[in-house]
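Sequence order for the protein chains is G and B. Taking the UniProt record's numbering, I'd label the letters of the first sequence as residues 1 to 133. Taking the UniProt record's numbering, I'd label the letters of the second sequence as residues 1 to 133. One structure is given below, encoded as structure tokens.
Protein chains: 2
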Amino acid sequence: MLQRHTEVTTEFRRDECNPITRDVLTRVGDKWTVFTVVVLGGGPKRFNELKRSIDGISQRMLTLTLRTLERDGIVTRSVFPTVPPRVDYALTPLGMTLLRTLKDLHDWVSSNADEITQARAAFDRRSAVQQPL
Amino acid sequence: MLQRHTEVTTEFRRDECNPITRDVLTRVGDKWTVFTVVVLGGGPKRFNELKRSIDGISQRMLTLTLRTLERDGIVTRSVFPTVPPRVDYALTPLGMTLLRTLKDLHDWVSSNADEITQARAAFDRRSAVQQPL
DNA sequence: CAGAATCCGTCTGGATACTG
DNA sequence: CAGTATCCAGACGGATTCTG
Chain G
1 MLQRHTEVTT EFRRDECNPI TRDVLTRVGD KWTVFTVVVL GGGPKRFNEL KRSIDGISQR
61 MLTLTLRTLE RDGIVTRSVF PTVPPRVDYA LTPLGMTLLR TLKDLHDWVS SNADEITQAR
121 AAFDRRSAVQ QPL
Chain B
1 MLQRHTEVTT EFRRDECNPI TRDVLTRVGD KWTVFTVVVL GGGPKRFNEL KRSIDGISQR
61 MLTLTLRTLE RDGIVTRSVF PTVPPRVDYA LTPLGMTLLR TLKDLHDWVS SNADEITQAR
121 AAFDRRSAVQ QPL
């Protein structure tokens, strides 16, 4: 039957979707951020190593993503004054804790991508019947 | 079976950041998606209930977010032909599994928003010293 | 190698007005 | 109540070129 457990249930607290939370969530949930952090979860990497590991990312986006992550205290940037220059990126302790969460998210997506693709096809089929041109 | 064993050494498998995964991740990690799914984790909600619960979301974005989630098989949309109309949104079983992950992400952000804010301030201070106009 | 800088089309998303 | 439709500024992000 209709279980109408009146909305006395845990009401979502408004102060948990404040501007700061929203902003951080926007960056942290970003697709390139997820890939970057997950890849860095395998250990420190150099710039071009990361670029090769993250399929489809442009140099510009990798730079911007890394810069933002560094600013947010999630990755460190270590420059070795050699020739040619070498720059290592690694997760901070804070980044390590984020890794766990993002790895879960990434795994969920990987595991359910097919089901979602099928759901989309089914939805589009239903819509197509409703609106024949 | 077409198992490509090239570059087995790489910890991160390339086919795990394929276009589909990337696409799903882009949507699922979206800030409004996270808030919407987390709020729906508290039970079915009506359109305006959701709108009131998600601070700062516009009607347009709520509509688009819900439509996408419905298409992806993550939420259901139940229309009650009453006057005035009533539409309930709820998580599907697939949505329930996503909820766990997104709740973690949301909680991580809530817990670490302050630390990140401070990291940003520190980073900006360091940068400011380097570039005095 | 690791980027910075620039150009520029695409997409995002808020505001507003209208509807069944 | 629960949307749809339209407008439009600004952010996103790829491609390309240049540098220490």
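Idealized CB from N, CA, C, for every residue including glycine.
Would you mind giving the Cβ-Cβ distance between residue i and residue j, rounded to the nearest angstrom? I have them listed as a contact below 8 Å.
i, j, result
"B/Leu105", "B/Val34", "6 Å"
"G/Val38", "G/Leu102", "6 Å"
"G/Trp32", "G/Thr65", "5 Å"
"G/Val24", "B/Ile116", "6 Å"
"G/Tyr89", "G/Lys51", "Contact doesn't hold; Cβ gap of about 11 Å is too wide."
Using 10 angstroms around the beta-carbon of residue i, count the other beta-carbons present and answer buried if the total reaches 16, otherwise exposed.
i, result
"B/Asn112", "buried"
"B/Ser127", "exposed"
"G/Gly73", "buried"
"G/Thr63", "exposed"
"B/Thr68", "buried"
"B/Gly29", "buried"
"G/Gly43", "exposed"
"G/Gly56", "exposed"
"B/Arg60", "exposed"
"G/Val129", "exposed"
"B/Ala122", "exposed"
"G/Thr21", "buried"
"G/Arg71", "buried"
"residue 137 of chain B", "As shown, chain B starts at 1 and ends at 133. That puts residue 137 of chain B outside it, with no answer to give."
"B/Thr82", "exposed"
"G/Val109", "buried"
"G/Arg100", "exposed"
"B/Arg125", "exposed"
"B/Thr6", "The predicted model places B/Thr6 with a pLDDT of 38, which falls under 50 and marks its position as unreliable; any figure quoted below should be read in that light. Per the 10 Å Cβ criterion, exposed."
Can you look up residue i in the DSSP assignment and give me helix, strand or coil?
i, result
"G/Thr9", "Unreliable positioning characterises G/Thr9 in this predicted model, as indicated by a pLDDT of 46, which lies under 50. A coordinate reading is not provided."
"B/Ser78", "strand"
"B/Asp88", "strand"
"G/Arg120", "helix"
"B/Arg4", "The predicted position of B/Arg4 is uncertain, since its pLDDT is 39 and thus under 50; a value taken from the coordinates is nonetheless stated next. Coil at B/Arg4, not helix or strand."
Following a CB-centred definition, is residue i positioned closer than 6 Å to any heavy atom of the ligand PLP?
i, result
"B/Val28", "You won't find the ligand PLP in this model; it holds no ligand whatsoever."
>> At a CB distance below 8 Å, what residues from the stretch 50-63 of chain B approach chain G? Give them in sequence order.
In response: Of all residues in the stretch 50-63 of chain B, Ser53, Ile54, Asp55 and Gly56 have a Cβ within less than 8 Å of some Cβ in chain G.
>> Output needed in chain order: residues of the stretch 65-80 of chain B with a Cβ under 9 Å from some Cβ in chain G.
In response: Within the stretch 65-80 of chain B, the residues whose Cβ lies closer than 9 Å to some Cβ of chain G are Glu70, Arg71, Asp72, Gly73 and Ile74, listed in chain order.
> Which whole runs of the beta strand (DSSP E) in the UniProt domain "HTH hxlR-type" (17-117) of chain G are 3 residues long or more, in chain order?
Replying inline: Segments of the beta strand (DSSP E) lying fully in the UniProt domain "HTH hxlR-type" (17-117) of chain G: 75-80 and 86-91.
>> What are the residues in the stretch 19-31 of chain B lying within 8 Å of chain G by C-beta distance?
In response: So the list reads Pro19, Ile20, Thr21, Arg22, Val24, Leu25, Thr26, Val28, Gly29, Asp30 and Lys31, given in the order they occur along the chain.
> Just by C-beta distance, which residues in the stretch 107-127 of chain B are closer than 7 Å to chain G?
Replying inline: Residues passing the 7 Å Cβ filter: Trp108, Val109, Ser110, Asn112, Ala113, Glu115, Ile116, Thr117, Ala119, Arg120 and Phe123.
>> Please list, in chain order, the residues of the stretch 34-50 of chain B that have any C-beta partner in chain G closer than 9 Å.
In response: Against chain G - using a Cβ distance shorter than 9 Å - the residues of the stretch 34-50 of chain B are Val34, Phe35, Val38, Val39, Gly41, Gly42, Gly43, Lys45 and Glu49.
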